[in-house]
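Novice: Read top to bottom, the protein sequences are chains A and Z.
Everything in the first sequence is counted per the numbering used here, starting at 99 for the first residue and increasing by one.
Everything in the second sequence is counted per the numbering used here, starting at 71 for the first residue and increasing by one.
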Amino acid sequence: MPKDGGIGASSKRREDVRFLTGAGNYTDDINLRGQAYVHFLRSDVAHGTLNSVDTSAAEGMPGVIKVFTGADFAEVGGIPCGWQVTDRHGEPMQEPPHPVLAQGKVRHVGDPIAAVVAETREQARDAAEAIEVDITDLPAVMDMKEALKDGATKVHDDLTSNLCYDWGFVEENKGAVEEAIKNAAHVTTLELVNNRLVPNAMEPRVAVGDYSRGTDDSTLYTTSQNPHVIRLLMGAFVLGIPEHKLRVVAPDVGGGFGSKIYHYAEEAFCTFAAKKLNRPVKWTCTRSEAFISDAHGRDHVTKIELALDADNNFTAVRTETYANMGAYLSTFAPSIPTWLHGTLMAGNYKTPNIYVNVKAVFTNTVPVDAYRGAGRPEATYQLERVIDKAARELGVDPVELRRQNFITEFPYATPVAVEYDTGDYNATMDKLLEIIDRDGFQKRLEDSKARGKLRGLGVNCYIEACGIAPSNLVGQLGARAGLYESATVRVNATGGITVMTGSHSHGQGHETAFPQVVADMLGIDESMIEIEHGDTANTPMGMGTYGSRSIAVGGSAMVKATEKIIAKTKKIAAHLLEASEADIELKDGQFTVAGTDKSVAWGDVTLAAYVPHNYPLEEIEPGLEETAFYDPSNFTYPSGAYACEVEVDPETGKVTIESFAAADDFGNVINPMIVSGQVHGGLAQGIGQALLEQTSYDADGQLLSASYMDYAMPRADDVPFYQVDHSCQTPCTHNPLGVKGCGEAGAIGSPPSVVNAVVDALQRAGHDVTHIDMPLTPSRVWAVMKG
Amino acid sequence: MYAFEIERPSTVADAVKLLKQSDENQALGGGQTLIPTLKQRLAAPEVLVCLSGIDEIKGVCTDDEGRICIGGGTTHGDVAAGSGAYPALVWLAQNIGDPAVRNRGTIGGSLANNDPSACYPAAVLASGATVVTNEREIAADEFFEGMFATALNEGEIITEVKFPVPEKANYQKFEQPASRFALVGVFVAKFADGVRVAVTGASEEGVFRWTEAEEALGGNFSASALDGLSVPADGMISDLHGSGAYRAHLVSVMTRRAVEAA
């Protein structure tokens with residue numbers, strides 16, 4: 099029987115009512131009295147020396163309040179990077195300055211040069227056209243391998259080269275890996291590209307800066323996944339505003355996928371300008387602007403080698419990746435190809451020797467940072483592609499080759515420094531095979547053939563690490579932030595509850611799922627609980643939402659705070675019932691003295707806390723509000739097995755996804771419907787990456803795919819009706835809910851299945867093809883078939 | 071968008087008068103190309119002459135010769151609804167853009183713009199249609215003059231397009247993945263006196279007739295008649311969505327499919 103409330107119930111998403119009826123409150127809905135508008139003049143060349151910026155004509159244009167240039171920010175800090183990676187030789191990464199507005203040079207198309215603040219948006223834009231910018235073009239640094247050659251043009255003149263870092267992991271494994279590869283019975287090698295993606299959240303970014311002259315308080319309303327992080331980074335490192343004088347509000351946010359984690363120049367600008375001008379300053383990003391100013395994702399060029407012994411056991415994995423950082427270091431950019439990528443290279447397999455080398459490179463492109471999955475899709479893609487290639491080279495079943503090498507005993511310490519607490523990879527594979535009717539594939543293949551189409555089946559596994567933690571470990575790894583989460587549970591006098599969480603919901607459904615947990619613990623109705631998030635003024639310091647961490651870390655903080663509430667209410671109930679606290683049981687919203695029919699209702703206890711006439715004042719304080727900070731002891735490790743069936747049109751190269759199945763192990767599940775929805779969305783993004791999304795720069799650094807006319811996002815008819823299952827559940831062993839996180843799995847796990855399936859289809863049709871780089875557009879597939 | 075004035079004439083004569091007042095005045099059909107262009111500040115007309123209030127250029131009817139006559143201001147949606155006697159044209163109109171585009175965009179606007187990837191030019195050219203303006207009648211073969219170029223004079227408005235209805239016809243569109251415009255679109259129309267094949271999306275010169283295929287199909291209207299025929303890759307559009315060679319290949323594939331489906 100499906101539950102109708104609490105943990106495990108598919109409660110309907112309460113926030114959707116306002117989202118779907120136009121009653122949401124997004125940042126662009128916020129308009130303040132006296133608000134001015136900013137338009138950013140952005141570089142239209144990828145690389146050049148900024149000789150002069152003449153704003154005199156613009157300043158005289160109608161409605162113009164002030165024109166800002168880099169010179170106005172000379173005394174202000176640059177945009178900080180939140181993670182310092184240490185290279186193979188123990189040296190810190192090269193970390194270039196990142197000014198709010200360009201100083202001395204422009205480094206990518208879209209780099210902001212000047213900002214016009216005017217009475218209206220159109221006036222600001224008109225005036226921006228009157229700014230005269232003198233730039234001497236420099237060669238654009240586009241190809242990562244070329245960028246590392248001696249004598250290459252440098253993106254940052256003050257750095258020794260375009261190399262941000264050369265990272266080896268685990269450096270001590272290197273020799274053993276070389277030895278294992280030398281002694282292998284078979285080595286499969288694959289060179290591949292993990293294509294750059296433009297995030298394209300439905301809601302473009304918006305920032306509104308406000309300043310109160312009376313109190314000297316600054317407020318920033320922004321489209322952020324983590325308002326506290328923005329407050330800390332912007333306040334402490336850019337503008338020098340202490341937290342108690344700075345409030346950051348991220349109200350309803352229309353999708354993030356990572357791109358709204360980072361602290362962006364536009365946020366600092368609006369906050370800074372509002373104070374300078376003593377007026378609110380608003381910026382609303384256009385879609386065109388988003389393409390050249392939101393941090394992009396992925397963009398790895400990789401060579402991976404998989405060594406096997408004579409019995410097809412994996413003996414070593416060696417991988418070398420060039421990771422594009424773009425022109426500047428976005429907030430968490432250095433951590434993505436390293437700690438979120440290298441640590442996952444064991445995958446689901448007991449490979450004893452693994453060595454990961456990553457060279458992070460500066461280029462004249464938009465900065466690259468985390469995008470749904472962040473490092474883990476890149477790890478999964480290369481590993482699952484090379485395993486598939488190995489199976490085909492060896493003539494063995496790709497499923498059986500995986501099974502043979504599965505990790506089956508937990509906890510399992512990988513050679514790349516992480517310890518998987520729990521999992522059952524055979525269970526998810528069994529479930530997958532049950533869903534997809536593998537035995538029926540031959541029949542489906544014949545049906546496709548009869549219609550003139552090729553058909554292929556691709557399978558892969560994935561593992562991810564969510565809820566990155568604990569803070570003391572990530573600090574050693576270079577994080578300049580903690581990775582705990584917080585929650586305050588405020589019980590009101592009449593029993594209703596407001597939970598203030600440091601997590602942030604930008605589509606994930608926290609307002610529905612989080613109350614389910616508290617309701618379950620207290621035995622009260624979900625409707626009595628409401629979630630508040632996104633405002634630093636009324637939520638405890640939190641690290642926000644990314645990396646599938648919210649329920650595992652934020653949810654755990656909420657559980658801890660709720661446990662404190664339960665402990666206190668039991669004391670109150672014991673007093674009211676004149677019983678011993680140890681005898682009090684809380685069930686279905688009633689406190690009962692064990693073994694008796696004496697009870698008191700939840701609402702009576704909460705009222706007593708605030709109207710403490712009959713109350714143990716000498717023992718406990720009045721009121722009922724508790725806060726907890728939760729710092730996990732380990733990552734969580736969701737895993738799964740995915741399968742994709744495709745048809746390929748042999749005449750045009752067009753690939754259609756005929757079916758897609760996902761068997762995931764997310765540990766315990768709070769709301770199965772929301773979890774399915776998260777997987778659906780992730781799969782659409784993964785399929786988008788695999789088939790459609792092509793970020794294309796020309797040699798001069800112009801973004802060719804700079805609008806939806808050329809950048810293909812997946813649409814409803816590009817994806818099938820998914821078959822998703824999350825009944826395989828090995829609960830996480832180290833958080834109170836036994837949950838693992840589900841937000842990124844779909845995007846991590848799906849690209850290899852799609853590519854494996856297309857390669858399978860082409861090989862079955864006799865084509866000599868072992869790999870096609872994503873996206874598998876019709877023209878690429880056709881070119882490969884043509885040979 | 072730069073500031074502009076807008077005029078809403080209710081007759082073709084008034085619209086023409088407004089357009090001829092200045093070279094800076096610009097006709098606005100359904101706005102599916104022009105409005106995005108204005109939003110990008112890539113055009114700065116002084117006056118937009120909006121044609122959507124002119125009832126005399128809207129609607130679909132059949133003339134004495136049995137031709138389907140479509141007013142230049144007729145939306146794609148209304149073209150689809152009113153052209154039942156010409157199923158290939160209905161399908162084409164039904165598959166342009168999305169519902170919002172089909173409810174605003176007009177056949178006259180599309181033809182006057184002559185986007186090299188637009189669908190209508192293929193239908194007009196393959197059908198041997200006649201483009202009627204406020205000044206004259208222009209045969210399809212004389213109308214299209216290369217990418218974004220037509221025989222229209224300044225201030226000349228498409229009032230009507232007259233489509234002879236073929237015995238058999240079909241339009242095959244292979245969509246560019248992002249824009250879903252035609253990466254290659256082929257319209258094949260078989261008349262009693264011959265076959266016409268028009269290709270859109272592929273050539274740097276815009277829509278063109280594939281005469282070699284027309285001749286082959288004129289003698290034998292079957293896909294096998296196309297065996298061994300191909301268009302040269304030279305002069306085909308080459309971009310991130312496909313090379314010239316790919317487009318040339320698709321011309322053959324789509325032509326064959328159109329013949330089979332006609």
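The beta-carbon is built from N, C-alpha and C at its ideal position, and this holds for glycine as well.
Treat the numbers as computed from the prediction; the structure is a model and nothing was measured.
Using C-beta distances below 7 Å, list every residue in its chain close to A/S731, excluding the 5 sequence neighbours before and after it, in chain order.
Specialist: Same-chain partners within the cutoff: P568 and H832.
Novice: If you count every other CB in all the chains shown that lies within 10 Å of the CB of Z/Q164, and 16 or more means buried, which is it?
Specialist: By the 10 Å Cβ count, Z/Q164 comes out exposed.
Novice: Among A/G202, A/Q787, A/F335 and A/T413, whose alpha-carbon lies nearest the alpha-carbon of A/K280?
Specialist: Comparing Cα positions, the closest option is A/T413.
Novice: Chain Z beta carbons: is any one of them nearer than 8 Å to that of A/Y582?
Specialist: Taking Cβ atoms only, chain Z never reaches closer than 8 Å to A/Y582, which makes this a no.
Novice: Relative to the C-alpha of A/R500, which candidate in A/Y510, A/N558, A/K551 and A/M443 has its C-alpha closest?
Specialist: The shortest Cα separation from A/R500 among A/Y510, A/N558, A/K551 and A/M443 belongs to A/N558.
Novice: Kindly say whether A/L236, judged by its beta-carbon, lies nearer than 8 Å to any beta-carbon of chain Z.
Specialist: No, A/L236 lies away from the interface with chain Z (no Cβ there is under 8 Å from its Cβ).
Novice: Can you tell me which of the three DSSP states A/K401 falls into?
Specialist: If DSSP states are grouped into helix, strand and coil, A/K401 belongs with the strands.
Novice: Check Z/M71 in the structure and name its three-state DSSP category.
Specialist: In this structure, Z/M71 counts as coil in the three-state DSSP scheme.
Novice: With 16 as the cutoff for other CB atoms within 10 Å, does A/Q574 come out buried or exposed?
Specialist: It is exposed - the Cβ of A/Q574 has fewer than 16 other Cβ atoms within 10 Å.
Novice: Could you work out which residue in A/R813, A/H778, A/G202 and A/G188 is closest to A/S150 when comparing CA atoms only?
Specialist: Closest by alpha carbon: A/G202.
Novice: Give me the Cα-Cα distance between Z/G216 and A/N298, rounded to the nearest whole angstrom.
Specialist: The alpha-carbon atoms of Z/G216 and A/N298 are separated by roughly 34 Å.
Novice: Along the alpha helix (DSSP H) that carries A/D618, what are the first and last residues, could you check?
Specialist: Here the alpha helix (DSSP H) through A/D618 covers H608 to L620.
Novice: Between which residues of its own chain and A/D798 is the CB-CB distance below 7 Å, once the five residues before and five after are set aside?
Specialist: Excluding residues within five positions, the ones whose Cβ falls inside 7 Å are A144 and A238.
Novice: Given this structure, state the Cα-to-Cα distance separating A/A591 from A/S825, to the nearest angstrom.
Specialist: Using only the alpha carbons, I get a separation of about 39 Å.
Novice: At the level of alpha carbons, what is the spacing between A/L130 and A/A372?
Specialist: One C-alpha to the other measures close to 12 Å.
Novice: Can you tell me the Cα-Cα spacing of A/D545 and A/E745, whole angstroms?
Specialist: The alpha-carbon atoms of A/D545 and A/E745 are separated by roughly 11 Å.
Novice: Say whether chain Z places a C-beta atom closer than 8 Å to the C-beta of A/A810.
Specialist: So, interface residue.
Novice: May I ask you to report which of helix, strand or coil DSSP gives A/V183?
Specialist: Note: A/V183 maps to coil in three-state DSSP.
Novice: Does the pairing of the segment 74 to 91 of chain Z with the segment 811 to 830 of chain A give three or more beta-carbon distances under 8 Å?
Specialist: Touching, no.
Novice: Give the range of the alpha helix (DSSP H) segment to which A/G273 is assigned.
Specialist: Taken as a continuous stretch (DSSP letters only), the alpha helix (DSSP H) holding A/G273 covers K272 to K280.
Novice: Give the residues from the segment 787 to 806 of chain A that approach chain Z closer than 7 Å (Cβ to any Cβ), ordered along the chain.
Specialist: The segment 787 to 806 of chain A vs chain Z, Cβ under 7 Å: L790, Q792, S794, L802, S803 and Y806.
Novice: Is it right to say A/E498 is buried, meaning 16 or more other beta carbons lie within 10 angstroms of its own, or is it exposed?
Specialist: Label assigned to A/E498: exposed.
Novice: Residues of the segment 850 to 879 of chain A in Cβ contact with chain Z at a cutoff of 7 Å, in chain order, please.
Specialist: Cβ contacts with chain Z come from T875 and S877.
Novice: Assign A/Y708 to one of three DSSP states: helix, strand, or coil.
Specialist: DSSP places A/Y708 in helix when its eight states are reduced to three.
Novice: Cβ atoms of A/A477 and A/A585: under 8 Å apart, would you say?
Specialist: No, these two residues do not count as a Cβ contact at 8 Å.
Novice: On the criterion of 16 or more Cβ atoms from any shown chain inside 10 Å, does Z/C131 qualify as buried, or is it exposed?
Specialist: It is exposed - the Cβ of Z/C131 has fewer than 16 other Cβ atoms within 10 Å.
Novice: Buried or exposed for A/D658, please, with buried defined as at least 16 other CB atoms from any protein chain shown within 10 angstroms of its CB.
Specialist: Looking at the sequence shown, residue 658 of chain A is not Asp but Lys. A/K658 comes out buried.
Novice: Between the segment 175 to 189 of chain Z and chain A, which residues of the former have CB atoms less than 8 Å from a CB of the latter, in chain order?
Specialist: Of all residues in the segment 175 to 189 of chain Z, none has a Cβ within less than 8 Å of some Cβ in chain A.
Novice: Closer than 7 Å, Cβ to any Cβ of chain Z: which residues of the segment 735 to 753 of chain A, in chain order?
Specialist: Those residues of the segment 735 to 753 of chain A that come within reach of chain Z (Cβ to Cβ, closer than 7 Å) are E749 and T750.
Novice: Which full runs of the beta strand (DSSP E) of 3+ residues lie inside the segment 114 to 164 of chain Z, going along the chain?
Specialist: Correct list: 117 to 120, 130 to 132 and 138 to 141.
Novice: Checking 8 Å against the spacing of the C-beta atoms, do A/P849 and A/L790 come in under that value?
Specialist: No, the Cβ-Cβ distance between A/P849 and A/L790 is not below 8 Å.
Novice: Using the beta-carbon count (16 or more within 10 Å), is Z/Q102 buried or exposed?
Specialist: Classification of Z/Q102: buried, given that the 10 Å Cβ count is 16 or more.
Novice: From A/E189 to A/Y560, what does the alpha carbon distance come to, in whole angstroms?
Specialist: Those two C-alpha atoms are separated by around 32 Å.
Novice: Spell out whether any CB of chain A is found under 8 Å from the CB atom of Z/Y316.
Specialist: Taking Cβ atoms only, chain A reaches closer than 8 Å to Z/Y316, which makes this a yes.
Novice: Quick one: which residues of the segment 240 to 252 of chain Z get their C-beta closer than 7 Å to a C-beta of chain A? List them in chain order.
Specialist: Here the close residues are F244, P247, A248 and S249.
Novice: Locate the alpha helix (DSSP H) running through A/K658, then write down its first and last residues.
Specialist: Counting along the chain, the alpha helix (DSSP H) containing A/K658 begins and ends at G653 to L675.
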